[in-house]
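**Q**
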Amino acid sequence: MKKNEEFVQSVNPKGQKSCDSFHNTIEFIGKRWMGIIIYHLLDGPKRFFELSAEIEGISDRLLTERLRELEAHGLVIKNQSDPTVRKVEYELTAKGKELEGIIQAIFEWVKKNGGCQKERMN
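Numbering (the numbering used here), first residue to last: -1 to 120.
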């Protein structure tokens, strides 16, 4: 893959060029639970309790935090059709849906390279 010079934004103390926006994006998507939340929202809008039930092991506090972060970055929108009813759904924006190919590619890579393993083999 050819490196794209337009993404180079800074030079570190050793004089090496780095891509802050690329690095920050990888760090953001790679945050704990972030990718799996996006993966589940690719199926369409979901309510909080649906996401919580589908994502085993995530706490309500952390799910709330991650959804707020995704919202702040414009990847998720929080829909409340009727303000008198506490029915809120979370949905990927067009920007969030653009991540589908990336998420699917990661899943394919994982399957190709041994899938999920509970323990590492030495």
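For glycine and all other residues, C-beta sits at the position ideal for the given N, C-alpha and C.
Quantities reported herein were computed from a predicted structural model and do not represent experimental measurements.
Am I right that residue 45 and residue 87 are in contact with their C-beta atoms under 8 Å? What's the rounded C-beta distance?
**A** For the purposes of this step, residue 45 is taken as the residue at position 47 of the sequence shown. For the purposes of this step, residue 87 is taken as the residue at position 89 of the sequence shown. 6 Å between Cβ atoms; contact.
**Q** Hey, residue 95 and residue 72 are a contact pair by Cβ (cut 8 Å); roughly how many whole angstroms apart?
**A** In the sequence shown, the residue the question calls residue 95 occupies position 97. In the sequence shown, the residue the question calls residue 72 occupies position 74. That pair is no contact at about 12 Å.
**Q** In whole angstroms, give me the CA-to-CA distance for residue 49 and residue 100.
**A** For the purposes of this step, residue 49 is identified with residue 51 of the sequence shown, where counting begins at 1. For the purposes of this step, residue 100 is identified with residue 102 of the sequence shown, where counting begins at 1. Approximately 20 Å between the Cα atoms of the pair.
**Q** Tell me the residue span of the beta strand (DSSP E) that contains residue 22.
**A** The residue given as residue 22 occupies position 24 in the sequence shown. It is not in any beta strand (DSSP E) - residue 22 instead sits in the alpha helix (DSSP H) that spans 18 to 27.
**Q** Could you pull the DSSP bridge partners for residue 88 from this structure?
**A** Along the sequence shown, read from residue 1 onward, the residue named residue 88 stands at position 90. DSSP lists 44, 76 as partners of residue 88.
**Q** Give me, in chain order, the residues of the same chain whose beta-carbon lies closer than 7 Å to that of residue 76; leave out the 5 immediate sequence neighbours on both sides.
**A** Numbered from 1 along the sequence shown, position 78 holds the residue referred to as residue 76. Excluding sequence neighbours, residue 76 sits near 69, 86, 88.
**Q** When you compare each of 112, 102, 114, 58 to residue 38 by their alpha carbons, which one comes out closest?
**A** Locating residue 38 in the sequence shown gives position 40, where the first residue counts as 1. Answer by Cα proximity: 102.
**Q** Distance check for residue 47 and residue 84, CA to CA, integer angstroms please.
**A** Translated into positions along the sequence shown, residue 84 becomes position 86. Translated into positions along the sequence shown, residue 47 becomes position 49. In a straight line, the C-alpha of residue 84 is about 12 Å away from that of residue 47.
**Q** Measure the C-alpha to C-alpha separation of residue 36 and residue 74 and round it to an integer number of angstroms.
**A** As a working mapping, residue 36 is identified with position 38 in the sequence shown. As a working mapping, residue 74 is identified with position 76 in the sequence shown. Distance between the alpha carbons of residue 36 and residue 74 is about 9 Å.
**Q** Would you report the Cα separation of residue 108 and residue 79, rounded to the nearest angstrom?
**A** Counted from its first residue, the sequence shown places residue 108 at position 110. Counted from its first residue, the sequence shown places residue 79 at position 81. Rounded to whole angstroms, residue 108 to residue 79 spans 38 Å at the Cα level.
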